[in-house]
Structure formats: C-alpha cells, structure tokens
Amino acid sequence: MFGDKPVQPGPALERHHFTSRSLGSQQIGFLLGSCGIQVALTSEACLKGLPKTAAGEVVAFKGWPRLHWFVTEHLAKTPKDWLPTPRLTDDTPAYIEYTTDKDGSVMGVTVTRSAMLSHCRMLTQSCNYTEGENMVCVLDFKRETGLWHSVLTSVLNGMHVVFIPYALMKVNPASWMQMITKYRASVAVVKSRDLHWGLLATKDHKDISLSSLRLLLVGDGANPWSLSSCDQFLSVFQAKGLRPDAVCPCASSSECLTVSVRRPGRAGVNATGRGVLSMSGLSFGVVRVDQENSLTSLTLQDCGQVMPGCVIVVVKMEGPSYVCKTDEVGEICVSSEATGSQYWGLAGLTNSTFKVQALLADGKPLSDALYTRSGLLGFLGPGGLVFVCGSRDGLMTVTGRKHNADDIIATVLAVEPMKFIYRGRIAVFSIRVLRDERICVIAEQRPDCSEEESFQWMSRVLQAVDSIHQVGLYCLALVPPNYLPKTPLGGIHLSECKRRFLEGTLHPANVLLCPHTCVTNLPKPREVHSDVGPASVMVGNIVQGNRLASAQGRDMGIVDEESDSARKYQFISEILRWRAVSTSEHVIFTLLNAKGGVAQLLSCSQLHKRAERVGSLLLERAKINTGDHVALIFPPGIDLICAFYGCLYVGAVPVTIRPPHPQNLQTTLPTVRMIVDVSKSVLVLSNQNVIKLLKSKEASNVVDIKSWPVTLDTDDMPKKKLTAMYRAPTAEMLAYLDFSVSTTGMLAGIKMSHAAVTSLCRSMKLACELYPSRHIALCLDPYCGLGFALWCLSSVYSGHHSILIPPSEVEVNPALWLTAVSQYRVRDTFCSYGVMELCTKGLGSSVQQLKSRGVSLACVRTCVVVAEERPRINLSTSFSKLFSALGLSPRAVSTSFGCRVNVAICLQGASSPEPSCVYVDLRALRNDRVSLVERGSPHSLCLLESGKLLPGVKVIIANPDTKGQCGDSHLGEIWVQCPHNASGYFSIYGEESEYGEHFNARLVTGSTGEVYARTGYLGFLRRTETVTSQSVPGIASESTDLADLSALSINAAPADSGELHDAVFVVGALDETVMLRGMRYHPIDIENSVMRCHKKIAECAVFTWTNLLVVVVELDGSESEALDLVPLVTSAVLEEHHLIVGVAVVVDPGVVPINSRGEKQRMHLRDGFLADQLDPIYVAYNM
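Under UniProt numbering, the first residue of the sequence shown is numbered 1, with each subsequent residue one higher.
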C-alpha cells in the first residue's frame, strides 16, 4: 500500500477472496480496467488460492484486465542508492476505494493525498490517538473504517495494530477480546456484529479484562441494532472493566469518509443522545417523538459529533438539494477537506455526488461551499450530534412512504427468529412492479425447520411488518442454509441477491407472495355501458365514413345446377367412381412410414374397389340401413379413406374418430366412447389392432367394454362387388358427421351435406390450383375440420396426389415431413402447429446435416398451418427462420382458419398476396376495441392475417351481444355465409338451445335479410392493398383434368397488384376468453407474458377458478428451481396485464394437455386441478 507505484493513479484497494465465480467480480474488473491497472499485489497464500489455467497461470477473470500478479513477500533488500520517486502533488489520487450502489454497479471513490492526510489528522484529534498505543482491529483493513483507523491513522501516529482476520472470528468469536486482554490494548475497532458474537461466546468470558480499553469504536453505528448490541455488551462487560464512555459509535461512507464519531471519555450534557422516534413519522420523512416501549417506535443512538473542521447539512432526498428543516429526515452531506473527490472516470455521477450546492427555500445557495453526499439518511440533534436512521441504498419508497431496509430486518428478527432463521442472514430490497416499489424479504431458514413452521413464521412476519410499518410485503421467501450470496467478509451481497431473485436463480425453499394485499394501485375495473345500441353504432360508422366490416372471397362462378355434368358431380362418391373408370391407374394417395419409405400406395381404381368391399361388408355382415351412422376408428392412413367411401357407397353416414392412445387410455378412451354414443353410431368399423385395444383389460377399467356397438374388422372383408351404388335423392342430404372437442372441453358434432362437401372441395381447388399433376404433402390429423377434408376428400375431387404423413411418425423422426416435401418436390404442403413445433424443436441443431443430405425446401410455394385459433406468429417465424437455410421462402408459411360452423373460411391460396400483419394495443383489446399502433410500441401485440378468404365465402363482423354490424377495423364476432357452411350441429354436448341460432343468425342493422353462421371467434377485418406474388397463370392453362369436370373449372385470373383486399384477423375464441375486472382477456396473451418471464418455463396455461386467475407452468429444470418461477410469473402478469395471479401451480413438463391440433385443453387442465390430479411440484396461493 505504501510502496506506491508511479505508473497508476494510485492503488485500488481490492480484496482477494476470489472464487472463479466471485460475486460482482465482473463489475470490479470493469473498475480495474477503467483505472488502467496492470499489476496486482498479493500474498503467497492468496495467490495459491486463485484458480489457475493448465499452464499454471492465474485464470483471466470475466471482465478483468490482464494483470501481472506480484507477490510482496520475500523481496530482495532495497539497494543503498534507491530513492523513492519525487514527492507527488497533494491533489493526486492516493488510492481508489471501490464502492457499490444499490443495483451492484461498482464505482471507484478517488481519495487525494491531501484528503487522506487531513482525514487521518481529524481521526487522531477526535479519537485522541497517541504514539505507542495498541489497537485491535476486526474490520476489513482494505476499506472504509478498517482502512482509515488501522492502516492509515495508525501509521501516522506510530501505533501497534493487531489484526483479527474474519476467518479466525468465525472459529473463535472471542479472539478479539482475548487480544485486548493479552496486549492491554487501549483501542478496538469493531462492528456491532462482533459485539453480538462476542456476547454469545460465554465460555471464553472468564479470563477477559477490558479495563485497558479507552475506545471501543463501533464501525456500523448507523444501523438499528447497533444500539441493542452496544447496550447488551456494556451491561455484560462492565464487570470486566469496560467503561461506559469507551463505547463510541461512528457514521461513515466511502464518499465522505468519516462523517461523525462519538468522542471517547466525553462528559457533559449533550455528549451522547438517544431518540425514541415514531416509525410512521420517519416513513413520511419527519422526526416525531414516540413513547418508549411502543411497538411502532425506533430507538436511535447518536453517531457522535461532526468531525473537526467539517460542516454538515441535511438536504432533501429527492429533487433539488434544498436544506431540510430541523425535524425533517434527509441525506447527510459533508463539506470538508477530507472527503473523496470523484468517482473515477464517471463525470456525471461525480458532479451529482461530490459537487452539491445546498439550497435555501428560495432557491439561493446556502454558501459557496460544495458538499459531498454521504448516502446516509438522518438528521442533526442538539449539540451537533448526528443521528443516522438509514441509507440511500436501503431506502424503499412504497406508495410515497419511505421505509428503511434495516428497520424491516429488525422487525423480521423480532418475530421469534432464532428457531426458524439465521439472525444475520436476511436480505430486504424492493423491486419495481406496476409503477411502484414492492418489498421483498429473503431469509435463510434453519435446516430442521418444517414447511408448516416456516409458513406460520412467514404469516407472523407479514402481520408484524404490517402493524409496525403499515406496509405490506410483496414477497417473503426462505432459502436453504448458506444459499444467500455473501460478500468476501461474510455479509449478505444484497445486489447479487436481488439480481438472482429477478433472474430466477435464487432457488427458494418456501415462498409467499401477497399481491392481493399490497398491490393497491390497480386501475379501476371497467364498467360496461349498455346504453349505446346497434343502430347508434351503425349511424356513427356512416357519419364517420367508416366502411362496414364485410368481405368476400372471389366468386365461385355460376354452375348450371340442371346440366348433366353438374348433377353427375354433386356427390363425391360419384366423382370417385368416375375417376376409377377414366384414370384408373392414377395414384392419388401415398402413405409414408417413419423411415420415409412408402407404406402404401393407392390408385383411383384400388380405392374404388376397396371402398366397394367395405360397402358389401356393411350390407352383408352388419345389415346396414341407409342413413345409419357408422363410427370409423382408424389410425391416420389409407384404411380410413377406404372405409369412408365404403360408407358413402351404401348410404351410411361415417363418423371419423381418432383411436384411443394406448399409453393414455384413462383420458383418451372416454372421449372415443362419448363420440360413439353422442353420434348415435350403430356400428364401429376399425382394424385389428384398434379393436384389440378397445376390448383389452386396460380398456375395461375405463369404460364398460360390453356396451360397445357391433364392431367389425376391415382387415377381414368379403371379396364381393357391390351390386348397386346408393345415390342420395338430393345433395342437401347428410354426407358425414364431423366431431371435435374444443379447447374449452365442448364436444360438438356438425352435419356436412353432400353439397357442402363438393362446394368445399371446389373452393379449395380454385384457391390452391389443384390438378391431377400436383403433389400435396399432408402432415396433420385426419379426423375433423379441414384436416379431414384435405386427407379424405380433396384428392378424390381434384385428382391430385396426396402424400400422407401421420404426425405420430414425425414424433419418431422429426425430419420425415420436410424430407418428403423435398424428395417429392412438393409445392403445397399442409401441417398442424404440433408438427411445426416438433420440427422447430427437434431439428434446431440438424439443419446443416439435412442440407448436406440434399434436403431443399426451395420448391415450397405454400406451407399452410391448418388451425382454428389466432395465428402463432412466434412459432411460424422461428420455423421460417430456421428452415430458410434449406431454401424455404419466408413468404411461403401461412395459416388457415376454420371453426365448427365452417371448417375452411380462410386459406392461403396459390396466387394470394403475402399475409399482412398489424400491431394492435393489448389494452384496447381487453376493452373489446381494436387500436392500431406502430411496431415496437409498448403493449403492442402483433396479429397475422389468417390466409385469404376462400372462393364463395362471405364474412362480416358483428357485435356478439347486440348483433349489430361492426365497422372496418372494429373488434366483433366473425359471421360467415357460404355454400360449404355446415348445415347445423348434429349434437352439441351440453346446452343445445343456446347454439341453435349459431347457423341462422341475422343482423339487426344493415342487410337484415341475410342469414349467417356465427363462428364464435372474435376478430376484425381490415382493408389493405395487396402485395401480390408474381403473376400465376390462370388455372385453365395447367388444367389437365378431364372434360367432364371442366364444366366445374372456372378460369380464375390472378389478383392484380395494388388491388384492395380484405384481411381477416382472428383474435381468439369467445368461449376461451376470461372476464376479469370487467375486461376480456385472451388466455394466450397472459400465457405469452408468462413464457417470457423465465427460460425454464416449457409451457404454460391459464384459467379462472372462483374469480381467481390460476397460472399453471411446466418447469423444464430441477425441482429446486420451482419456486423461482412464482414471483416472476406473478410480477410479469401484474406488470403486463394488471391482473393478480391467485394461484401459481408449478408442474412437470407434459402436464398441460394438448389436443391433436396443438391447442391447449385449458378446461381439462382446470378439471384436473380441481380434482387434485396434476401432481404438482408446488402450488403457491398468493395472498
């Protein structure tokens, strides 16, 4: 330290208890770098302890400059002619002491040579130091009080110092008192912690004598428990010769050095002082006296008088530095020759800390003097006594009232702590959530403390803090022993603790959040005004010139219903028979297996023959009557398609059902059973494997297997031709039933007529330009909605070749779908979100490998995700980005939209313009409004258009409550009118009356005569200019279809660039939304916020339970991390959605049920939660 090197601005005092992950060491490295430090002086013992590289050199610490480590022991004798460098000027820096601010940033306080010397002289004068005295120092000699007294002032006065290292104190807490006794020391420099430890070491008290001690300097006299430590210590050790006037608290800070110290051996009326102050008064920043022994009082002791030659002022904590009134608490500022001069290299912070002008009430300066802020909060008492009641770093301002971290700790400790927690191991800090500070308390619990005990203790702490400080705690967490990050000398590393808490790496063992009680600044709940009727809205739109929201896909063209060719092809079964004759060898289906090989091929005639055999099976074995309902329970594949057409051939009505999952019969089999029952199926058609499963012992535990209808196996069929084909008398007759379970757990079956089937196929043929020469790859579930139509109907109608890839095979081999697309050079492919996610997660690291195997996706023109929800932008964007390396065009990926009333409303066609996106304000959305904002603005949500409206589809937006038509860009329910609408619900499990009008809804304003089907989805229309892809030739040019079908092919010219087009934006299903505090929330928005708040959250779902918001998160990590998620989830939802999470449930990955479309089954999850079946890792009930 005194062998100063002229190269640097002065030694930076540094501590070397480093582990390679030493806390905050990166910040210190930054400081060392900015000071230009190149040499580190150290001892052999310390050098030994540093981590080394294989070459034996000290590892480079993260963020540190390159250092030369120089050991100061065993140096050679100085040569006789060596002279120190000429004396430097007084204002050059003598040393730089590091200090940290509230958030852990490290600054270097620069102390000049003159300030260092002046300070030593001041200490000498106020502590009466003389040559030859013996001093015992327990403090860290590298900074603050320890450095000033035991290293600098002791050298100035020629005193003998005995240092007690922290490691020794841990082993023998009485060692410092034994040294005083042994060396008859007159001075001891300690902290109140050492007094407390010394008191506890009772077995060592007998030989101790403290009669030689004239000064017991308490270096942290500014904290609230130093008073009790001093008092207790004095009462025990007065008998051992300790003089009451030897105990001297002091106040100090790195910036101001010593602010005040009580003089030893003092006498006189104002030599010491105590104040019993009202805690409530202090929280408002004023000094008010309270009764002794009142629970809400704080007893302070003075920190002595101002230092010789110093001036102290107390200024306001916030805003300009006005001088406080005598009864106000403010920040203590010091003007003297002995303060720090700057934060090294930080000019702005230096000016606001070291060059403060004290202002009078009228704004004029108090004097010309410049003051230095000490970071200590307090006031001045009678006779120049300084009282400190907190620090700027420990200050927490909650709803305008100020609380001091140390006072909260003192209260927490007062709740019979010793049984449950360790005394010195508590961290208190505030975090900003929803525009205010929230107090968090983290304590280390004892190892033998049960969960029950810790919760009792936590609830007592909440009550104590509430009654004494009138403030609510936001979060109270207990961590296992020794989990809180420490500073090198054993204190709590507060900023690191806070960082870990906010980052979710603190790993608490118990946690209690109280957002309900302490968050009092939530916006008022919304009140809905019902006095504005639909007619007023209509008039408003007209007056403002706002277009009414209505849009349609392109015209299907007029088909002469009476012409022979049209009549002939009203039925998909007749089109199949015609194809079997005219293009018998044309392959229309290829089923792939997990290895990418062909599992089965099917030509038009093979399909026709197999369908005939199924038909004769139904007639002969089952004696089926026309109009009977037949359940088809097949895995995704070709058997399903053959069975479907077999039913149509004999006039039966097929119902396609996904087989139960062998590993999960408990939840999947009841659904199968329910669909069979609700659809009134008289027969089950299936294959051998599935029938075995349905009749297995495991299945009998779940449902009554004797009550299944007659079950026939299509693996065992007669080889007979059908004598006569069934033909329905009109195309309005029922073709098939389509059953699906919504995410809200609703099972709904819709009726699809023959006319709707051919109309849907024709609409898709026009939009996607489908002809026999085309290859289309399908990787989705074929049981309901558009997935079924693509898998079973579309190829037969348009004649194109469908490559069928069951999603279950993609689970085995994630590259299967994309490899097949590349191999068959597929231009149009359809998948589900589940498949897209499998590819994104499963192939992230193997894109280069696929590239080297020659997989190219440059051939793909459209890749459509078949969905019944708001487009998942994040997923489709990451999919596009990831596979752009394989040539996938970013414009190719889009989503379709369908629902129960109409399975295909929007679909990105072959020559459609690129899907547009808009940014809307989430807060407006909650209030059922669409407010368009710029990209990147706060609270913005990006919405992607759901493909283009299919030919023949007309949609309008209507207010779901008033049934009035909405204007352009206004949120409402999407209503649809179209020849391929379903003809009604076959049955809806639950209340049927409510849904009757879903299919024949009429507007009350505008064109009231037209009939629409209500989709049950909220969305809006927005007219935009199209950005068309390169002109695509009209359909006829490529049409190699047969003459008989040409009557149905209308030439569709591509949209001209710059033409206006109506984009449909889907926001979400009405059934799914949750109404909280008068606002409508879409679960996906809350879930997205939760997913972002911690990297270990794999999946998340929310639902409501008795007006409480329940958040279920899947933890992809070890169970010790489960409780890290609770505060983060609670804060994220509060901050972004102004909602309080009532219950946070942490579960294992895979608990949130996901259906075949990749949608979360939130209601199933809710039922599981209420029935206590989730087996959670942790359930947190927020108070």
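Idealized CB from N, CA, C, for every residue including glycine.
{"query": "Where Gln445 falls, given that 16 or more other Cβ within 10 Å makes a residue buried", "result": "buried"}
{"query": "Beta-carbon contacts of Leu506 that lie in its chain and below 8 Å, excluding the five residues immediately before and after", "result": "Ile442, Ala477, Val479, Tyr483, Cys497, Arg500 and Asp1124"}
{"query": "Beta-carbon spacing of Val315, Gly304 below 8 Å", "result": "no"}
{"query": "Ser603 - partner residues in DSSP beta bridges", "result": "Val587"}
{"query": "Boundaries of the alpha helix (DSSP H) in which Arg460 is found, first to last residue", "result": "Glu451 to His469"}
{"query": "Val111 versus Gly340 - alpha carbon distance", "result": "5 Å"}
{"query": "Chain-order list of residues whose beta-carbon lies under 7 Å from that of Ser175 (same chain, five-residue window excluded)", "result": "Ile164, Leu168 and Met169"}
{"query": "Secondary structure of His1138, DSSP reduced to three states", "result": "coil"}
{"query": "Unbroken stretches of the beta strand (DSSP E), 3 residues or longer, contained in the UniProt domain \"AMP-binding enzyme C-terminal\" (1072-1174)", "result": "1074-1076, 1079-1081, 1097-1105, 1108-1115 and 1141-1147"}
{"query": "Cβ pair count under 8 Å reaching 3, the region 705-718 against the region 608-621", "result": "yes"}
{"query": "Which of helix, strand or coil DSSP assigns to Tyr726", "result": "coil"}
{"query": "At least three beta-carbon pairs within less than 8 Å, the region 402-413 to the region 218-225", "result": "yes"}
{"query": "Any 3 or more C-beta pairs closer than 8 Å across the region 655-667 and the region 686-703", "result": "yes"}
{"query": "CA-to-CA distance, Ala643 to Trp1105, given in whole angstroms", "result": "43 Å"}
{"query": "Where His754 sits in the DSSP three-state scheme", "result": "helix"}
{"query": "Segment contact flag, the region 231-248 with the region 333-350, C-beta cutoff 8 Å, min 3 pairs", "result": "no"}
{"query": "Cut-off 7 Å between Cβ atoms - residues of its own chain near Ala594, not counting five sequence neighbours on either side", "result": "Glu809, Val812, Asn813 and Leu816"}
{"query": "Buried versus exposed, by CB contacts within 10 Å (16 or more), Thr145", "result": "buried"}
{"query": "N- and C-terminal bounds of the alpha helix (DSSP H) containing Ala405", "result": "Ala405 to Ala414"}
{"query": "Touch test, the region 539-559 against the region 967-984, Cβ-Cβ under 8 Å, three pairs minimum", "result": "yes"}
{"query": "Presumed contact (8 Å Cβ cut-off) between Glu1119 and Val1151, rounded CB distance", "result": "Glu1119 to Val1151, Cβ: 14 Å. No contact."}
{"query": "Coil, strand or helix - Cys333 by DSSP", "result": "strand"}
{"query": "Range covered by the beta strand (DSSP E) that runs through Cys831", "result": "Asp828 to Cys831"}
{"query": "For Met307 and residue 1184, the rounded distance between their alpha carbons", "result": "Outside the displayed span of the chain (1 to 1183) sits residue 1184, for which this structure offers no information."}
{"query": "Presumed contact (8 Å Cβ cut-off) between Leu943 and Cys792, rounded CB distance", "result": "About 32 Å; that fails the 8 Å criterion."}
{"query": "Where Gln849 falls: helix, strand or coil (DSSP)", "result": "helix"}
{"query": "Distance, Leu838 Cα to Ser254 Cα", "result": "56 Å"}
{"query": "C-alpha gap between Leu1042 and Gly596, whole angstroms", "result": "Reliability of the predicted coordinates at Leu1042 is poor, the pLDDT of 38 falling under 50, and no value is obtained from them."}
{"query": "Where Arg438 falls: helix, strand or coil (DSSP)", "result": "strand"}
{"query": "Simplified DSSP state of Cys978, which is helix, strand or coil", "result": "coil"}
{"query": "Beta-carbon separation (whole angstroms), His754 vs Met725, contact threshold 8 Å", "result": "That belief does not hold up - the Cβ atoms of His754 and Met725 are roughly 14 Å apart, past 8 Å."}
{"query": "Whole-Å CB distance - Val865 paired with Ser832, under 8 Å assumed", "result": "7 Å"}
{"query": "Identity of the residue in Leu1174, Gly390 and Glu318 nearest Ile408 by Cα", "result": "Gly390"}
{"query": "For Gly375, the three-state DSSP class (helix, strand or coil)", "result": "strand"}
{"query": "Where Lys881 sits in the DSSP three-state scheme", "result": "helix"}
{"query": "Neighbourhood of Arg861 by C-beta, 7 Å cutoff - its chain only, sequence neighbours within 5 removed", "result": "Arg827, Asp828, Ala892 and Ala910"}
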